[in-house]
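Report on the following structure.
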Amino acid sequence: MSPIANCFASALAYGITQIRKGLEPWQYLFLIEGAPTVLISIFVFFFLPDSPGSARFLDEQQQADAVARLTTQDRTAKDRVHWKQIWSGLLDYKNYVHMIIHFCCNYSFAGLSNFLPTLIEDMGYVSVHAQGLTAPPYLGSFVCCLAAAFISDRLGNRGLVVVGFSLMGLAGYLMLACVHDASANGVRYAGIWLATCGVFPSLAINITWLLNNQGGDSKRGAGMAVLAIFGQCSSFVSSSLFPATDAPNYTRGCAAGAGLTGLVVVLGAVLHCKLRLENARRNRLYGRVSGEHAIDVTEAGDNDPNFRYIT
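The numbering used here puts the first residue of the sequence shown at 855, with every later residue one more than the last.
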């Protein structure tokens, strides 16, 4: 949802800056964008369920049916932590591959969110118009996120979707890093489109991919901790690679984005192939498993012979 939020935020910020009465524009911005967030958070705290089994808008039978659709079962009490799963999550190399992918994608997520108006402004647009021109790429990336989710679910495949969209992002960053002609602003703006539409879906699908393959709630929590704590650190990197002295092309920051997005392509492809090989090995040793087969992951986690990875 972040791309659509950024899209509306950019368009809203553009409109708010046109207000010339009463408060300063930045004060209106805090009030108009901040107040709904605070109010909605109260509603979400009380009404958003933490699982299908606790959804109050479902009756008991519907809750049972929703839980039964899950192909993995974890018998760990919901208020307990399974320490074996925690250690498994901290020692699983796959979680660190996902962490690096997240680090690379988050560089763009943070960098584009912070510096996209600056990139457009330095193409020759005034600040207010630059703010408005950030909205369309974010809207495009939102549509691409929906497409990525639909395609990856239909194919039962995460890795190739991450690779495909990252290639799009890589192309966009290369256009931004290599095209410096002041008369080619259209090409650079197209590069912004490709970068945002490529990297944001890759970031979202990578998180889903990690969660799909954890084999237990406690391991899932450990995996997300590894991804979030270390993967988010690229925000510090992106904040230092777009200095004002690099204007108007910001070649260093865009080249770093190209390199990191290219690394996502490589890691996504390697992890996809590795998981496919592991699934094939388990099929040879233990036979194929039906998608409707319930798997108890409480003790063995994703090492259970019946567990198959989402590739």
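Beta carbons: idealized from backbone N, C-alpha and C, even for Gly.
Rounded to the nearest whole angstrom, the C-alpha separation of L1139 and N1067 is 20 angstroms. Counting only runs of at least 3 residues, the region 986-1069 fully encloses no beta strand (DSSP E) element at all.
Assigned with DSSP and collapsed to three states, N949 falls in helix. Of the other Cβ atoms in all chains shown, fewer than 16 fall within 10 Å of the Cβ of Y947; this residue is therefore exposed. About 6 angstroms separates the beta carbon of G1013 from that of L1125, a gap short enough to meet the 8 angstroms contact definition. Spanning the alpha carbons of L1117 and C958 requires a straight line of approximately 7 angstroms.
Excluding the 5 residues flanking it on each side, S1144 has no same chain C-beta neighbour closer than 8 angstroms. Y992 and I894 have their C-alpha atoms spaced approximately 23 angstroms apart. Counting every other CB atom within 10 Å of its CB across the protein chains shown gives W937 a total below 16, marking it as exposed. Pairwise C-beta distances place the region 954-970 in contact with the region 1081-1094, as three or more of them are shorter than 8 angstroms. Per DSSP, reduced to three states, the secondary structure at K875 is coil, with no helix or strand assignment. Secondary structure note for M1078: its alpha helix (DSSP H) is the uninterrupted segment D1071 to G1085. Residue burial is scored here from C-beta neighbours: A1112 has at least 16 other C-beta atoms within 10 angstroms and is therefore classed as buried. Taking the CA atoms as reference points, A1154 sits about 34 angstroms from A1001.
By the Cβ criterion, the region 1020-1033 is not in contact with the region 1074-1086, since fewer than three pairs of Cβ atoms, one from each stretch, lie closer than 8 angstroms. Note that the C-beta distance between T1050 and G1122 is not below 8 angstroms.
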